[in-house]
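Protein sequence lines correspond, in order, to chains R and G. By our numbering, the letter at position 54 of the first sequence is numbered 54, and the numbering carries on one by one without gaps. By our numbering, the letter at position 201 of the second sequence is numbered 1201, and the numbering carries on one by one without gaps.
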Amino acid sequence: MAEKTVDFEKSLERLEALVEEMESGDLSLEQMIKHFEEGSKLVTLCSGKLNEVEQKIEKLVKKGGALTAEPFKPEE
Amino acid sequence: MEENRKIYSVAELNRTARYTLENGIGEVWVEGEISRLTRQSSGHWYFTLKDEAAAVSCAMFKQNNAAVVFEPKDGLKVRVFGQASLYEPRGSYQLIIRKMEEAGKGSLQEQFEKLKAKLAAEGLFDAERKKPLPLLPQKIGVVTSPTGAAIRDIINVLTRRFPNLGILLAPVTVQGEGAAEKIAAAIEYLNTRDDIDLMIVGRGGGSIEDLWAFNEEVLARAIAASRIPVISAVGHEIDFTISDFVADVRAPTPSAAAELAVPVKAEMETQIARLAARLGGSLQNQVHILRERIPGFRQTMNHALMNDLRQRQQKVDETSRTLATCLKNAVTVQKQRLPGLQQTMIHRLESAVTEKRQSVRRLEVQLRALSPLAVLDRGYSLTQTADGEVVRDADRLKKGDMLKTRFAKGTVISEVKKKEA
């Protein structure tokens, strides 16, 4: 899990760097295409990460000496 | 006298005594030792506070003793704050305790400052120790009370910002005896799991006693030891606890902790979409720029090619012209040279002929001088056999051989008639 969140951050940072380099106008068309391809993959990856997890609200409960998680809804 | 007597009922007496005590003494701090402590199932505490010389009955009701931050027991020296009063049904004088501190530990404020200084000296609050919060946590552990506003606020804000998010509540009591140990244990437990990216540890507002668990060393150390980043969210904005100093991030309230914990999903989506658009846009832009430059390139290229072609053409023309001239020249030269050569050749031939003629003549003279024919002029003759052999010896001839005799002028053929000895 921890590595996954790091992946997301690194991917987003990399994507930002790619876009900035591309906008600098210092790249050749070939480099631009390479950046674009890499960037497109990162966009897919990052968007995927945002939707990867499903909502789950749980509470730890002790059952027979062991902790288990069960659904939790806060009282109003 | 009889008719002036004021007769109290016992109840009246006790009520009056209670008023007198409550108004006359009021609320006071008293230091003493706990003895005969009983904790009723109702939650109220009853004990005797005593010192070497005296004792007084004490009652501490549930709503007040919940805030006691340590475990009182017989023999423990405490400092209590309460109202002198009287239990009317039994006429017993007592103290109604509102606050209780451990004697010798100083006030809570003093304890707070002391622990803060100690942990600061250990470096537990140093900025280098603070772990960065993950940008996109997938599951958040929340250590707080399962009831109350704090957990509700946290869940509301978290799910509003990021609808699909894992939340795991570790329910704990957040005040009273043993609260700090329980919170610390929950933090330690969450650290044994591998699915928690971030923790929120906190509770809603309250008095300094209510928040005291978050000023305890055991909890401070558990937060400091946490591998998972911790956001502390204790009480209101103005409340600062030791936990706040140790945590990686201090949030002023539980709701604020939730705001700090996760990004707004829609904003993230927008940010990614914007980056995607810039990504495509910059490439498109570059292609556009290049496309605009193509006619220019083409022109330049055409120009260069034409130029090159023209130059080559020119060179070819020039070469062919040169070649033609050369050929013509060569032919002219040859033509011009030809009569000369003829002359020379004729000349050479003529002179060669003349020379030959002269040498022939010379040879003729020489030859004539050497020739036997010249001898013939002087009266000699030359005799040869029929096959031209010069006859020097008569012995080689026999009768009937034909001889050819040459004179200075003319030749005769004769036959051998006879040989003379």
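Note that beta-carbon positions come from the ideal geometry of N, C-alpha and C, so glycine has one too.
Query raised in the report: By how many angstroms is the C-alpha of Phe8 (chain R) removed from the C-alpha of Ala1179 (chain G)?
Result: About 36 Å.
Query - Inter-residue Cα distance where the pair is Lys10 (chain R) and Asn1164 (chain G) - result: Distance between the alpha carbons of Lys10 (chain R) and Asn1164 (chain G): 21 Å.
Report task. Kindly give me the distance between the Cβ atoms of Leu1133 (chain G) and Asp1244 (chain G), rounded to whole angstroms, as I take these residues to be in contact under 8 Å. Result -> Not a contact, Cβ separation roughly 15 Å.
Query raised in the report: Are there 16 or more other CB atoms within 10 angstroms of the CB of Ala999 (chain G), so buried, or fewer, so exposed?
Result: The structure shown does not extend to residue 999 (chain G), since chain G spans only 1001 to 1421, so no value can be given for it.
Requested in this report: Please report the residue range of the alpha helix (DSSP H) in which Ser1255 (chain G) lies.
Outcome: 1254 to 1261 is the extent of the alpha helix (DSSP H) around Ser1255 (chain G).
Requested in this report: Could you check what DSSP says for Ser1035 (chain G) in three-state terms: helix, strand or coil?
Outcome: Residue state, collapsed to three classes: strand.
Report task. Please classify Pro1089 (chain G): is it buried, with 16 or more other beta-carbons within 10 angstroms of its beta-carbon, or exposed? Result -> Exposed.
Requested in this report: Can you grab the Cα-Cα spacing for the pair Gln1286 (chain G) / Leu1279 (chain G), in whole Å?
Outcome: About 11 Å.
**Report entry** Cβ-Cβ separation, Ile1167 (chain G) to Ile57 (chain R) (assumed contact under 8 Å), whole Å
**Finding:** With a Cβ gap of about 5 Å, Ile57 (chain R) and Ile1167 (chain G) count as contacting.
Requested in this report: Pull up the DSSP beta-bridge partners for Phe1081 (chain G), would you.
Outcome: Answer is G:Trp1029, G:Lys1099.
Query raised in the report: Which residues mark the beginning and the end of the beta strand (DSSP E) in which Arg1406 (chain G) is found?
Result: Unbroken beta strand (DSSP E) run through Arg1406 (chain G): 1402 to 1406.
Query - Where Glu1209 (chain G) falls, given that 16 or more other Cβ within 10 Å makes a residue buried - result: Residue burial is scored here from C-beta neighbours: Glu1209 (chain G) has at least 16 other C-beta atoms within 10 angstroms and is therefore classed as buried.
Requested in this report: Compare the C-beta of Glu9 (chain R) against all C-beta atoms of chain G and say whether one is closer than 7 Å.
Outcome: Chain G, which has a Cβ nearer than 7 Å to the Cβ of Glu9 (chain R), makes this yes.
Query - Reduced DSSP secondary structure (H/G/I, E/B, other) of Met1 (chain R) - result: Unreliable placement is indicated for Met1 (chain R), whose pLDDT of 46 sits below 50; the coordinate value is still reported in the next sentence. Correct three-state label for Met1 (chain R): coil.
Query raised in the report: What are the start and end residues of each continuous beta strand (DSSP E) run of 3 or more residues lying completely inside the segment 1191 to 1243 of chain G, in chain order?
Result: If we require 3 residues or more, the beta strand (DSSP E) runs fully inside the segment 1191 to 1243 of chain G come out as 1198 to 1203, 1230 to 1234.
Query raised in the report: Gln1272 (chain G) versus chain R: which residues are under 8 Å apart at the beta carbon?
Result: Per the sequence shown, the amino acid found at residue 1272 (chain G) is Ile instead of Gln. Around Ile1272 (chain G), the beta-carbon contacts reaching into chain R at under 8 Å are Leu12, Leu15, Val43, Cys46, Ser47, Leu50.
Query raised in the report: For Tyr1008 (chain G), which of helix, strand or coil comes out of DSSP?
Result: Coil, per DSSP.
Requested in this report: Report the partner residues of Val1056 (chain G) according to the DSSP bridge assignment.
Outcome: According to DSSP, Val1056 (chain G) bridges with G:Leu1049.
Report task. Could you name the residues of the same chain whose beta carbon sits closer than 7 Å to that of Glu70 (chain R), not counting the 5 residues immediately before and after it, in chain order? Result -> Beyond the five residues adjoining it in sequence on each side, Glu70 (chain R) comes within less than 7 Å, by CB distance, of Glu58, Lys59, Val61 in the same chain, given in chain order.
Requested in this report: Could you please tell me which residues of the segment 1136 to 1158 of chain G, in chain order, have their CB closer than 7 Å to any CB of chain R?
Outcome: Cβ contacts with chain R come from Leu1136, Pro1137, Gln1138, Lys1139, Pro1146, Thr1147, Ile1151, Arg1152, Ile1155.
**Report entry** Cβ-based burial, Asp1317 (chain G) [other Cβ within 10 Å; buried from 16]
**Finding:** Burial is judged here by how many other beta carbons sit within 10 angstroms of a residue's own beta carbon; Asp1317 (chain G) has fewer than 16 and is exposed.
**Report entry** Check whether Phe1184 (chain G) and Leu1219 (chain G) have beta carbons under 7 Å apart
**Finding:** The sequence given here has Ala at residue 1184 (chain G), not Phe. In this structure, Ala1184 (chain G) places its C-beta atom within 7 Å of the C-beta atom of Leu1219 (chain G).
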